[in-house]
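Chemist: In the numbering used here, the protein residues as written are 30 to 160. Ideal Cβ placement from N, Cα and C applies to all residues, glycine included.
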């Protein structure tokens, strides 16, 4: 159960990091709109850039500390870093499907059309349905 709790903490921290990035994006968009509309003077100190920077710096520091704590807990479980490649299972039965690969279908149709066009009009085309 301890590993599950650790994974939950890691997942929560990752979501919080994503939310933090979203806050930066929203602030950048807000500033862009304010600069275009000239609303910066009207809003005044309510959204002062220095207040935002201080608030975000604190959030970044808190998040960094959380990730550091999570990394320390990872060491308690003796997890190893690395990538494990798992080969796809080899099926002993033939896999079939009912869909047509469009590019292959186009090539076959194109080949048949060109074969018909290349023949004399009088001979007809063996691929056509007309007799």
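#1: According to DSSP, is residue 99 helix, strand or coil?
#2: So, using beta-carbon positions, are residue 49 and residue 88 closer together than 7 Å?
#3: Can you check which of these residues, 36, 82, 105 and 35, is closest to residue 57 by C-alpha distance?
#4: When you compare the CB positions of residue 96 and residue 42, do they come within less than 7 Å of one another, or not?
#5: On the three-state DSSP scale, how would you describe residue 108?
#6: When you compare only the Cα positions, how much space is there between residue 61 and residue 80?
#7: Have a look at 38, 117 and 31 and flag the residue whose alpha-carbon is nearest the alpha-carbon of residue 94.
#8: Distance, Cα to Cα, residue 103 vs residue 32?
Modeler: Result, derived from the coordinates:
#1: Within the chain shown, the letter at position 70 stands for residue 99. Residue 99 falls in the helix class under three-state DSSP.
#2: Reading the chain shown from its first residue, position 20 is the one you call residue 49. Reading the chain shown from its first residue, position 59 is the one you call residue 88. For residue 49 and residue 88, yes; Cβs fall inside 7 Å.
#3: Working through the chain shown from its first residue, we reach residue 57 at position 28. Residue 82 is the option with its Cα nearest to residue 57.
#4: The residue labelled residue 96 in the question sits at position 67 within the chain shown. The residue labelled residue 42 in the question sits at position 13 within the chain shown. Yes, they are a contact pair.
#5: For the purposes of this step, residue 108 is identified with residue 79 of the chain shown, where counting begins at 1. For residue 108, the secondary structure class from DSSP, reduced to helix, strand or coil, is coil.
#6: Within the chain shown, numbered from 1, the residue matching residue 61 stands at position 32. Within the chain shown, numbered from 1, the residue matching residue 80 stands at position 51. Their backbone Cα atoms lie some 17 Å apart in a straight line.
#7: For the purposes of this step, residue 94 is taken as residue 65 along the chain shown, with counting starting at 1. The option with the nearest alpha carbon to residue 94 is 38.
#8: Walking along the chain shown from the start, residue 103 turns up at place 74. Walking along the chain shown from the start, residue 32 turns up at place 3. Residue 103 and residue 32 have their C-alpha atoms spaced approximately 9 Å apart.
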